[in-house]
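Heads up, the thing below is written out as structure tokens.
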DNA sequence: CATGAATGAGGGTTCATTCAT
DNA sequence: TATGAATGAACCCTCATTCAT
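Chains as they are written, first to last, in the working numbering: chain A, 1 to 216; chain B, 217 to 432; chain C, 433 to 648; chain D, 649 to 864.
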């Protein structure tokens, strides 16, 4: 028992962030259940103990990963939280901005891949965290649609929540194709199509959307 | 017929089907990774060896389950494979029929729960099988939309495949809410809303859809 | 992953008993904390899984060992539970019988060694089990002395429980020397000396003990 | 004196003694095996490295603790080493003094608790050190009894060493009840009872002890 | 002297799989 | 066919110890 030498000392938080990056890549590649701590420490080139120095265990690093990226998403989603009315064109721009944001980094791709592939199959803890985010999106969307209905801009008989489910479903599917199936999808083009589709189907006065439609 | 005599002897296929039913319930409840062979054989009240007599292993029973239920879905989806034109109203009815079909049995609920929760996180084999089905749905839908575009019934500039992604996304999301999150969703009502939404957004001549709209 | 062949099947309980015997020897030799499951399975020439087939873990086999031997001791101690008065000589014989009983088998030696060396340093669970036995012995002894005091055979002012502590202390020390330190002790001779010593010190009428004294 | 300046700098020996005190308390509370270095450094509010600056390791601090307290006991036991004859009453007083000595400080209680609970289960090194002390006590006692036998004060046929085992056993048991089981024992009263009991059982001329008996 | 991040051997436990009966 | 004891690779996790700073 003569261990503990040959260090490559790093500032605590940087080391932790570095391990998280690598773990995320591993999880995204092999899946949470299939990936082992050994996979992570080998990829990170650290010792077992070093891992447990920074994280309580496999579930802990997963939780920290989810918290970290969800925090970023929550923050980014603030721009979507519209209290004052905005023109359709701006809305579409917001969606495109969000899309560019989440598709800009490989880490986010890994995170989305991980979450959409199997975060649902993990502890209720994880499931709740992730679904909490989607639920917030849905509620935000629902509230926005209802307000538009009151303003007479959206068909009054539409079930706002059902529509929101559809929108979130579209978003998830697109992200799934992009992050999990690595499809060659033109995200911006597809989002434009989807937004136009939904707007055209929802709006009380279709001419309202004309400016926002890409072609016609 | 040489069944039913001696120590718990059953016709091979019936026994196998019975084990699969139980395994599906277990997998749907605990998740594929979390569920163990022991869970299955205890629930099925058979011995370890008996399980391996009928299945090559854990992955094998999972594969057989996926194959079995996907086969049923493929068969059921035949009615959606429309070569000749159909009126909008009939399309909506087809969707509702499909919805009633998959939500009618507890086994299908288990299957959908299993597939949407984590089958994506398993072997590429499983992922491919399941996505193969969704891809077929998407291709079917895409072809149908393109045909409608040629007939001038659907806006010509729409990216048919992007729209299909949206539709499948909606379907998955609804099924996810129903089977995984056990939300109290009125499936038929929500599907009606979604179909109307999409049709209104897609059709070249909105008046075509009037008959199909639930309210107007 | 191709494991599970090459068996040496044994009847379940016999295998369990065999593992317990070996584990007891290992624990007695290396100590509970120092001994590892690997030590046990190597000595028993079984696989890791086989161990966990019969025991829930290290603490479980320890608990089963303690229960097993304490049960035997409780049973053997029944003869000491004297409701009707007995002559001194018989008492001494009872002690000698008990001594012969616990020193007759190597397993008991291992058990006593284990218990006296460190069972006190384990979980409160183990501590309580073992002390429960000693407490029963002490209570039995105390009750017996008090009865003798009422009959005027034992000095009335003696603190019966304090005397019982002394007796148990002597017994423990003797067993410790024999089982832990492997001293060359003539157990029977020493017990005879101790019993005489205590009796001579306790009895109201020293001549009562004459018959029981080994010499003089 | 160059103590007290700069970052938490203390005189080496004082710091070492302080750590030992804390370690003793931790060991006594959780047990040697269960307690970790982390427990100690946390309680002592020092860094890991600081611990290894003062001690070679876990075994080393344990050894130093045992040595330290055994030294004190050896020193205290000098008063028991009687070359010239003493009256019975004085002997009893010596025992009571010793009892008061070891039960006077919380540190001694911790030490006794540690030693009687599991020091026996550690390295032979520790076992030998502790037993070395008890052996010295036994030899001292044996010599004293033999001398008394030659002087005709103690029954000549008694096995002096056996009697000594009994006495040490009583002492250990009392200390065990007090330090480990935290029983509410009146140490002085119980020792008085024990001493009287043994003397009455040993003495050739029982009237010799009369003065020493608490009640008669 | 003091620090605490890093180490890795070692330990306990699980579970899919096998095969003698 | 059916059984279930046996297997062992693979995991997760702990903690005494080291040494660059």
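From the three backbone atoms N, C-alpha and C, an ideal C-beta is built for every residue, glycine too.
Problem set entry | Where residue 384 of chain B meets chain A, residues with beta-carbon distance less than 8 Å | Residue mapping note: residue 384 of chain B aligns to position 168 of the second chain, counting from 1. Here the neighbours are 173.
For this session: Could you please give the first and the last residue of the uninterrupted alpha helix (DSSP H) stretch that includes residue 141 of chain A?
Result: Translated into positions along the first chain, residue 141 of chain A becomes position 141. 124 to 150 is the extent of the alpha helix (DSSP H) around residue 141 of chain A.
Exercise. Can you give the beta carbon distance from residue 407 of chain B to residue 379 of chain B, rounded, assuming they're within the 8 Å contact cut?
Worked result: Against the second chain, residue 407 of chain B aligns to sequence position 191. Against the second chain, residue 379 of chain B aligns to sequence position 163. Contact doesn't hold; Cβ gap of about 16 Å is too wide.
For this session: Give a yes or no on whether the minimum CB-CB distance between residue 578 of chain C and chain D is below 8 Å.
Result: If you number the third chain from 1, residue 578 of chain C lands on position 146. Taking Cβ atoms only, chain D never reaches closer than 8 Å to residue 578 of chain C, which makes this a no.
Exercise. Leaving out five residues before and five after residue 21 of chain A in sequence, what residues of the same chain have Cβ atoms less than 7 Å from its Cβ?
Worked result: Position 21 of the first chain, counted from the first residue, corresponds to residue 21 of chain A. So the list reads 107, once near-sequence residues are dropped.
Exercise. So which residues on chain D does residue 634 of chain C lean against when the C-beta distance must stay under 7 Å?
Worked result: Locating residue 634 of chain C in the third chain gives position 202, counting from the first residue. The contacting residues are 845.
For this session: Could you check the C-alpha separation between residue 326 of chain B and residue 245 of chain B for me, to the nearest Å?
Result: The residue you call residue 326 of chain B lines up with position 110 of the second chain. The residue you call residue 245 of chain B lines up with position 29 of the second chain. In a straight line, the C-alpha of residue 326 of chain B is about 8 Å away from that of residue 245 of chain B.
For this session: Could you tell me which residues DSSP puts in a beta bridge with residue 586 of chain C?
Result: Locating residue 586 of chain C in the third chain gives position 154, where the first residue counts as 1. Beta-bridge pairing links residue 586 of chain C to C:635.
Exercise. So the alpha helix (DSSP H) residue 759 of chain D belongs to, where does it begin and stop?
Worked result: The sequence position of residue 759 of chain D within the fourth chain is 111, counting from 1. Where residue 759 of chain D is concerned, the enclosing alpha helix (DSSP H) starts and stops at 754 to 765.
Exercise. Can you name, in chain order, every residue of its own chain whose Cβ lies under 7 Å from the Cβ of residue 350 of chain B, other than the five neighbours on each side?
Worked result: The count along the second chain starts at 1 and reaches residue 350 of chain B at position 134. Result list for residue 350 of chain B: 384, in chain order.
For this session: For the segment 70 to 77 of chain A and the segment 149 to 166 of chain A, state whether three or more C-beta atom pairs, one from each stretch, are separated by less than 8 Å.
Result: no
Exercise. Alpha carbon to alpha carbon, how far is residue 716 of chain D from residue 708 of chain D?
Worked result: On the fourth chain, residue 716 of chain D is found 68 positions in, with the first residue counted as 1. On the fourth chain, residue 708 of chain D is found 60 positions in, with the first residue counted as 1. Residue 716 of chain D and residue 708 of chain D: Cα-Cα distance of roughly 12 Å.
For this session: Would you tell me roughly how many angstroms separate the C-alpha atoms of residue 54 of chain A and residue 123 of chain A, rounded to the nearest one?
Result: Residue 54 of chain A sits at position 54 when you count from the first residue of the first chain. Residue 123 of chain A sits at position 123 when you count from the first residue of the first chain. Answer to the nearest angstrom: the Cα atoms are 21 Å apart.
For this session: Using a Cβ-Cβ cut-off of less than 8 Å, list which residues of the segment 786 to 813 of chain D approach chain C; keep chain order.
Result: Correct list: 803, 805, 806, 807, 810, 811, 813.
For this session: Count the other C-beta atoms from every protein chain shown that fall within 10 angstroms of the C-beta of residue 822 of chain D, then say buried if there are 16 or more, exposed otherwise.
Result: As a first step, residue 822 of chain D is located in the fourth chain; it is residue number 174 there, counting from the start. By the beta-carbon neighbour count (other beta carbons within 10 angstroms, threshold 16), residue 822 of chain D is buried.
Exercise. Between which two residues does the alpha helix (DSSP H) carrying residue 698 of chain D extend?
Worked result: To locate residue 698 of chain D, count along the fourth chain from 1; it is residue 50. Looking at the DSSP string, the run of the alpha helix (DSSP H) that includes residue 698 of chain D is 696 to 702.
For this session: May I ask which residues mark the beginning and end of the alpha helix (DSSP H) holding residue 495 of chain C?
Result: Position 63 of the third chain holds residue 495 of chain C. Segment 490 to 509, the alpha helix (DSSP H) holding residue 495 of chain C.
Problem set entry | Where the alpha helix (DSSP H) through residue 599 of chain C begins and ends | Locating residue 599 of chain C in the third chain gives position 167, where the first residue counts as 1. 592 to 607 is the span of the alpha helix (DSSP H), which, as asked, contains residue 599 of chain C.
Exercise. Among B:229, B:320, B:265, B:274, which residue has its Cα nearest to the Cα of residue 247 of chain B?
Worked result: Locating residue 247 of chain B in the second chain gives position 31, where the first residue counts as 1. For the residues B:229, B:320, B:265, B:274, the minimum Cα distance to residue 247 of chain B belongs to B:274.
Exercise. Hey, does residue 829 of chain D have any beta-carbon neighbour from chain C nearer than 8 Å?
Worked result: Along the fourth chain, read from residue 1 onward, the residue named residue 829 of chain D stands at position 181. Yes, residue 829 of chain D lies at the interface with chain C (some Cβ there is under 8 Å from its Cβ).
Exercise. What is the DSSP secondary structure of residue 834 of chain D, reduced to helix, strand or coil?
Worked result: One-based indexing of the fourth chain puts residue 834 of chain D at position 186. Three-state DSSP puts residue 834 of chain D in coil, outside helix and strand.
Exercise. Any Cβ of chain D within less than 8 Å of the Cβ of residue 644 of chain C?
Worked result: Sequence index remark: in the third chain, residue 644 of chain C carries index 212 (1-based). Note that residue 644 of chain C scores a pLDDT of 45, beneath 50, so its modelled location is shaky; the value from the coordinates is reported in the next line. Not closer than 8 Å to any Cβ of chain D, the Cβ of residue 644 of chain C fails to qualify, so no.
Exercise. CB-CB under 7 Å to residue 550 of chain C, same chain, minus the five flanking residues each way: which ones, in chain order?
Worked result: Here residue 550 of chain C refers to the residue found at position 118 when the third chain is read from its first residue. 463, 464, listed in sequence order.
For this session: Report yes if the CB atom of residue 666 of chain D is closer than 8 Å to the CB atom of residue 692 of chain D, and no otherwise.
Result: Stepping through the fourth chain from its first residue, residue 666 of chain D is reached at position 18. Stepping through the fourth chain from its first residue, residue 692 of chain D is reached at position 44. Yes. Within cutoff.
For this session: My understanding is that residue 225 of chain A touches residue 154 of chain A, with C-beta atoms under 8 Å, so please give their C-beta distance in whole angstroms.
Result: The structure shown does not extend to residue 225 of chain A, since chain A spans only 1 to 216, so no value can be given for it.
Exercise. Shorter than 8 Å from the beta carbon of residue 33 of chain A to some beta carbon of chain B?
Worked result: As a first step, residue 33 of chain A is located in the first chain; it is residue number 33 there, counting from the start. By this cut-off, residue 33 of chain A is an interface position.
Problem set entry | Span separating the alpha-carbon of residue 156 of chain A from that of residue 105 of chain A | Numbered from its first residue, the first chain carries residue 156 of chain A at position 156. Numbered from its first residue, the first chain carries residue 105 of chain A at position 105. Taking the straight line from one Cα to the other gives about 39 Å.
Problem set entry | Contact set between residue 690 of chain D and chain C, taken where Cβ atoms lie within less than 8 Å | Your numbering for residue 690 of chain D matches position 42 in the fourth chain. Near residue 690 of chain D there are no residues of chain C at all, since even the closest Cβ is about 21 Å away, more than 8 Å.
Problem set entry | residue 318 of chain B vs residue 328 of chain B beta-carbon contact at 8 Å | Counted from its first residue, the second chain places residue 318 of chain B at position 102. Counted from its first residue, the second chain places residue 328 of chain B at position 112. Against a cut-off of 8 Å, the Cβ pair of residue 328 of chain B and residue 318 of chain B comes out as a contact.
Problem set entry | Distance between residue 9 of chain A and residue 417 of chain B (C-alpha atoms, nearest Å) | Position 201 of the second chain, counted from the start, is the residue given in the question as residue 417 of chain B. Position 9 of the first chain, counted from the start, is the residue given in the question as residue 9 of chain A. Cα-Cα distance, rounded: 59 Å.
Exercise. Can the beta-carbon of residue 279 of chain B be found closer than 8 Å to that of residue 341 of chain B?
Worked result: Mapped onto the second chain, residue 279 of chain B falls at position 63. Mapped onto the second chain, residue 341 of chain B falls at position 125. Yes; because the gap between Cβ atoms is below 8 Å, this pair is in contact.
Problem set entry | Coil, strand or helix - residue 215 of chain A by DSSP | Position 215 of the first chain, counted from the start, is the residue given in the question as residue 215 of chain A. A caution first: residue 215 of chain A carries a pLDDT of 37, below 50, which makes its placement in the model unreliable, though a value can still be read off. Coil, per DSSP.
Exercise. Taking 8 Å as the CB-CB cut-off, is residue 241 of chain B touching chain A?
Worked result: Counting from 1 along the second chain, the entry for residue 241 of chain B is found at position 25. Answer no: the Cβ-Cβ gap between residue 241 of chain B and chain A never drops below 8 Å.
Exercise. Using the C-alpha atoms, what's the distance from residue 458 of chain C back to residue 546 of chain C?
Worked result: If you number the third chain from 1, residue 546 of chain C lands on position 114. If you number the third chain from 1, residue 458 of chain C lands on position 26. Taking the straight line from one Cα to the other gives about 10 Å.
Exercise. To the nearest whole angstrom, what separates the beta carbons of residue 699 of chain D and residue 689 of chain D, a pair I think is in contact under 8 Å?
Worked result: Within the fourth chain, residue 699 of chain D is the residue found at index 51, counting from 1. Within the fourth chain, residue 689 of chain D is the residue found at index 41, counting from 1. 5 Å between Cβ atoms; contact.
Problem set entry | Contact check, residue 747 of chain D vs residue 836 of chain D, beta carbons under 8 Å | As a first step, residue 747 of chain D must be located in the fourth chain, where it is residue number 99. As a first step, residue 836 of chain D must be located in the fourth chain, where it is residue number 188. Yes, they are a contact pair.
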